[in-house]
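Taking it in order: structure first as structure tokens, then the write-up.
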Amino acid sequence: MSTPLSQLGENAVLRRLLQNLPRHPELITGPGDDCAVVARDDEWDTLLKTDVVVENMHFTPDTMPERIGRKALARAVSDIAAMGGLPEHALITILCHPSRPVELLEGIYRGMSALAVQFGISLAGGETSSLPYDGLAINVALTGKVERGQAVLRSGGRPGDFLFVSGLLGGSFPSGWHLDFEPRVELARGLLKAGIRPSAMMDLSDGLGSDLPRLATASGCGFELREEWLPCRPGFTAQDAVSHGEDYELLLALPPDMADLLSCSPFANHLWKIGRLVPHHHAKLASGWQHFSA
Numbered sequence: 086m087s088t089p090l091s092q093l094g095e096n097a098v099l100r101r102l103l104q105n106l107p108r109h110p111e112l113i114t115g116p117g118d119d120c121a122v123v124a125r126d127d128e129w130d131t132l133l134k135t136d137v138v139v140e141n142m143h144f145t146p147d148t149m150p151e152r153i154g155r156k157a158l159a160r161a162v163s164d165i166a167a168m169g170g171l172p173e174h175a176l177i178t179i180l181c182h183p184s185r186p187v188e189l190l191e192g193i194y195r196g197m198s199a200l201a202v203q204f205g206i207s208l209a210g211g212e213t214s215s216l217p218y219d220g221l222a223i224n225v226a227l228t229g230k231v232e233r234g235q236a237v238l239r240s241g242g243r244p245g246d247f248l249f250v251s252g253l254l255g256g257s258f259p260s261g262w263h264l265d266f267e268p269r270v271e272l273a274r275g276l277l278k279a280g281i282r283p284s285a286m287m288d289l290s291d292g293l294g295s296d297l298p299r300l301a302t303a304s305g306c307g308f309e310l311r312e313e314w315l316p317c318r319p320g321f322t323a324q325d326a327v328s329h330g331e332d333y334e335l336l337l338a339l340p341p342d343m344a345d346l347l348s349c350s351p352f353a354n355h356l357w358k359i360g361r362l363v364p365h366h367h368a369k370l371a372s373g374w375q376h377f378s379a
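For the sequence shown, my numbering gives the first residue as 86, with consecutive numbering after it.
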């Protein structure tokens, strides 16, 4: 008897798919984090990320091609930032119906190229394929690097660590932020260089209601969220901040001593405290985005 994906939801689907996968000895961190981490040399580890945007899910058909391309690459860059790393090389796969104009693809590549120049990324190649039905999807495979043994994982948080986010939440689609967001590479690198090391970190793509429980679970913790502390985009509520998704801000946990360092640093005005990790948690948040949900 077959089981529809919608009956399981994204998290349960991934648990079934990711069991007992083959593993190379140089793989340090596999599925379950923002990026995979692979040993490289005495100075750096390699970060691996792949991400996809799909028409009518991540953007609408009338979206400017340059903004589509920028978003496709920026989503993957945001995950590199969440590991404390620097992006390097990208492979681009575009799936498109043959009826679409070539100018659409040219615009997508202009948007990707502009962001690639900004972050020092090489667009190293990729693949194109026609679709048998009308539509457009773009997949980005991105490599990055992080200092050896210094990748910030989701799993390092401990009870008592304070939770912070790096920007306003909620209303990403109606405001256009989901297309024009700035990956927080500079902020993450700046924190680490200043000695303010998060115990756990991830980027908020599916919404705080989905992503915060993932970070807490990976760290073996519960969480307490102070909704009155959430930095909401003007015109949107704390409930929107929890459930809307596509924020592409950093969610990070800081031990108390790191939070004290933050408070007297130049980064204090770039992070908002929203709660803390605790030993156990029984309350539930309104869920953010869940792929395959009915």
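The beta-carbon is built from N, C-alpha and C at its ideal position, and this holds for glycine as well.
query, result
"So, does the stretch 352-361 touch the stretch 245-260, judging by three or more C-beta pairs under 8 angstroms?", "yes"
"Rounded to a whole number of angstroms, what is the C-alpha to C-alpha distance between Ala157 and Arg195?", "12 angstroms"
"Which full runs of the beta strand (DSSP E) of 3+ residues lie inside the stretch 298-367, going along the chain?", "307-310, 335-339 and 357-363"
"Quick one: is the Cβ of Glu309 within less than 7 angstroms of any heavy atom of the ligand COA?", "The ligand COA is not among the ligands present in this structure, which contains no ligands whatsoever."
"Starting from His174, follow the beta strand (DSSP E) in both directions and report where the run begins and ends.", "Leu171 to Cys181"
"Can you tell me whether DSSP reads Met286 as helix, strand or coil?", "strand"
"Val237 by DSSP, collapsed to three states: which one?", "coil"
"In terms of residues, what are the limits of the beta strand (DSSP E) holding Ser214?", "Ser207 to Ser215"
"How long is the line joining the alpha carbons of Leu133 and Ser163, rounded to whole angstroms?", "12 angstroms"
"Under the assumption that Leu180 contacts Ala226 (Cβ atoms under 8 angstroms), give the Cβ distance between them as a whole number of angstroms.", "Leu180 to Ala226, Cβ: 14 angstroms. No contact."
"Rank Leu276, Ala124 and Arg185 by C-alpha distance to the C-alpha of Asn354 and give the top, closest one.", "Leu276"
"Is it buried or exposed for Gly210, if we count other Cβ within 10 angstroms and need 16 for buried?", "exposed"
"What's the call for Cys306, buried or exposed, on a 16-neighbour Cβ count within 10 Å?", "buried"
"Should Gly330 go down as buried or exposed, given a rule of 16 or more other Cβ atoms within 10 Å for buried?", "buried"
"Pick out the complete alpha helix (DSSP H) segments inside the stretch 95-145, 4 residues or longer, and give them in chain order.", "95-102"
"Pull up the CB-CB distance for Asp345 and Arg239, whole angstroms please, since I reckon it's below 8 angstroms.", "Incorrect: roughly 23 angstroms between the Cβ atoms, too far for contact."
"Would you say the stretch 227-237 touches the stretch 294-304, given that touching needs at least three Cβ pairs under 8 angstroms?", "no"
"Rounded to whole angstroms, how far is the Cβ of Val237 from the Cβ of Met286, which I believe are closer than 8 angstroms?", "4 angstroms"
"Any idea if His263 is buried or exposed, counting beta-carbon neighbours within 10 angstroms, 16 or more meaning buried?", "buried"
"Nearest by alpha-carbon distance to Leu336: which of Ala159, Gly242, Asp265 and Phe321 is it?", "Gly242"
"With a cut-off of 8 angstroms on the beta carbons, I'd call Gly192 and Pro150 a contact; round off their distance for me.", "3 angstroms"
"Could you name the residues of the same chain whose beta carbon sits closer than 6 angstroms to that of Arg269, not counting the 5 residues immediately before and after it, in chain order?", "Ala166, Ser251 and Leu335"
"Taking the alpha-carbon positions, what's the Asn105 to Ala121 distance?", "16 angstroms"
"Compare the beta carbon distance of Phe352 and Gly256 with 8 angstroms and say whether it is the shorter of the two.", "no"
"Rounded to whole angstroms, what's the CA-CA distance from Ala175 to Thr148? Just pull it up for me.", "23 angstroms"
"On the DSSP bridge assignment, give the partners of Phe247 in chain order.", "Leu339 and Arg361"
"If you count every other CB in all the chains shown that lies within 10 Å of the CB of Arg261, and 16 or more means buried, which is it?", "Contrary to the premise, residue 261 reads as Gly rather than Arg in this sequence. By the neighbour-count rule (16 or more Cβ atoms within 10 Å), Gly261 is not buried but exposed."
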